[in-house]
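Residue numbers (the numbering used here), protein chains in the order written: chain A, 1177 to 1415; chain B, 1177 to 1415.
Glycine is no exception: its CB is placed at the ideal position from the N, C-alpha and C atoms.
Keep in mind it's a predicted model, so treat the numbers as computed, not measured.
Beneath this line is the structure, given in structure tokens, with notes to follow.
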């Protein structure tokens, strides 16, 4: 096996979360295969690339945006995380598109397992238009509650990514990464309710948010009905 | 490069925590090198081994115990996490001891980077006698606040492992994994104070612990002075 420019048995897959119309969505690629199979955006890690930089590169390839919240949520390394059938399908496609990139096989031409590092990214849905790469028949946003058939253990990766997002959304106050620059208190609440899949009493929730003293109040949101318009907020800058 | 039985560029390192005499300790190997350099217990991941099983195997090799709390805390993948000098030292030693295990080098005989997955384990200090493997001149317990010089980025791994332990000790109520089967409320408090590096008011802390209703009260601890002896507790079984 000749030496290649990427690490043979290690990839990185991204769960790219966006929030839109009270739905938590993520970016999926529909692979160029006869069967309808979807995959998380991912790829090999280059030999001369920090893992964190690989995550940024893959994210940029699919979203054209930089400087977004990005965090590792675990390694996926079961020996049988890729079935032989799916491995054949996927590596056949990859070989066709990227003849230089050899799939990991040993001397007996048997597949060698691939381990994947999971990252999640939080992006402003309004700012991101998902971008195709060669592997993709199409690429787009999908509601986390209505996912199509995912390849390998990507369904498991999504669930773990969601779990870690739930743990961190409150602890690390990540909500602003999923909202536009300015938002109403109701926007934050709807985001929390969507991510946690449950309702929060409005008064308590909004008081708690204001008590954190991290929000800067701006003008009222223009809704046409001026008197009842809610205030817009943005995150105080950390000067 | 001939195919080997382990994944070429991926290892796993364990931060094995124990608690003893108000100190948080971890197991380190003093490597068989002229220089005095220490390392976390670790090793390659075998081709036919789930990552979780690799962690259990490595833990068993160094502690002879099984069924302990074990959790991944992150991947360490900076391109330069191993200096050339340390890589030479370590792979020289490894080659001497394990001639079958080839260090990862490319066709030009240049070192190829290794990425490591970090796990932390929580063990009952009283039950574990650290065990040497071929690489070790000695192996033993070291106070986390007085660590010797560690190889590669192992110092960084320890700090990240500690941070994740701090986050999880309370959230996941892990204290019993670091204590003997029976313990006093003061033992728990001392463990918390050591892990978080700060004092907790005794009344509040002990009331909070009892309010969780997860502890079963046993007899008083035998101390000689019967009247003031504290009660022993153990975790209620989850039947």
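8 Å Cβ cutoff met for residue i and residue j
i	j	result
residue 1405/A	residue 1412/A	no
residue 1407/A	residue 1386/A	no
residue 1195/A	residue 1338/A	no
residue 1353/B	residue 1255/B	no
residue 1208/A	residue 1312/A	yes
residue 1281/A	residue 1270/A	no
residue 1294/A	residue 1252/A	yes
residue 1290/B	residue 1188/B	no
residue 1358/A	residue 1306/A	no
residue 1205/A	residue 1334/A	no
residue 1201/A	residue 1317/A	yes
residue 1350/B	residue 1390/B	no
residue 1292/B	residue 1279/B	no
residue 1409/A	residue 1392/A	yes
residue 1375/B	residue 1184/A	no
Burial state of residue i, where buried means 16 or more other Cβ atoms lie within 10 Å
i	result
residue 1330/B	buried
residue 1275/A	exposed
residue 1250/B	buried
residue 1319/A	exposed
residue 1191/A	buried
residue 1260/A	exposed
residue 1310/A	exposed
residue 1232/A	buried
residue 1398/B	exposed
residue 1400/B	exposed
residue 1378/B	exposed
residue 1388/A	exposed
residue 1177/B	Note on residue 1177/B: pLDDT 36, under 50, position unreliable in the model; the coordinate value appears next. Residue 1177/B is exposed by the Cβ-count criterion.
residue 1343/B	exposed
residue 1248/A	buried
residue 1325/B	exposed
Any chain D beta carbon closer than 8 Å to residue i
i	result
residue 1186/A	The chain labelled as chain D is not found among the protein chains of the depicted structure, namely A and B.
Cβ neighbours of residue i in the same chain (closer than 6 Å, five flanking residues each side left out)
i	result
residue 1382/B	1361
residue 1366/A	1198
residue 1323/A	none
residue 1258/A	1328
residue 1308/A	1315
residue 1384/B	none
residue 1220/B	1182 and 1187
residue 1332/B	none
Contact set for residue i: own chain, Cβ-Cβ below 7 Å, skip 5 residues either direction
i	result
residue 1341/A	1193, 1296 and 1371
residue 1222/B	1181, 1182 and 1230
residue 1273/B	1310 and 1311
residue 1363/B	1355
residue 1336/B	1249, 1250 and 1294
Sequence-distant residues of the same chain with beta carbon closer than 8 Å to residue i, five excluded per side
i	result
residue 1241/B	1235, 1299, 1303 and 1304
residue 1211/A	1265
residue 1262/B	1213, 1327 and 1328
residue 1415/A	Residue placement at residue 1415/A cannot be trusted, given a pLDDT of 47 that sits under 50; what the coordinates show is reported in the next sentence. Result list for residue 1415/A: empty, nothing under 8 Å.
residue 1416/B	No statement about residue 1416/B is possible, as the shown extent of chain B runs from 1177 to 1415 and does not include it.
residue 1225/A	1233
residue 1430/B	Outside the displayed range of chain B (1177 to 1415) lies residue 1430/B, so it cannot be described from this structure.
Residues of the stretch 1230-1260 of chain B whose Cβ lies closer than 7 Å to any Cβ of chain A, in chain order: 1248, 1250, 1251, 1253, 1254 and 1255
Near-chain B residues of the stretch 1288-1316 of chain A (beta-carbon distance less than 8 Å), N- to C-terminal order: 1288, 1289, 1291 and 1293
Within 8 Å of chain B by C-beta, residues of the stretch 1203-1229 of chain A in sequence order: 1221, 1223, 1224, 1225, 1226, 1227 and 1228
Continuous alpha helix (DSSP H) assignments of at least 4 residues falling wholly in the stretch 1186-1254 of chain A: 1227-1239
Start-end ranges of the alpha helix (DSSP H) lying completely within the stretch 1329-1395 of chain B, minimum 4 residues: Qualifying alpha helix (DSSP H) stretches, in chain order: 1330-1347, 1361-1372 and 1378-1387.
Length-filtered (3 minimum) beta strand (DSSP E) runs lying within the stretch 1286-1329 of chain A: Runs of the beta strand (DSSP E) inside the stretch 1286-1329 of chain A: 1291-1298 and 1312-1319.
Chain-ordered residues of the stretch 1344-1368 of chain B with a beta carbon less than 7 Å from chain A: Here the close residues number zero.
Proximal residues, the stretch 1382-1403 of chain B versus chain A, C-beta separation under 8 Å: none
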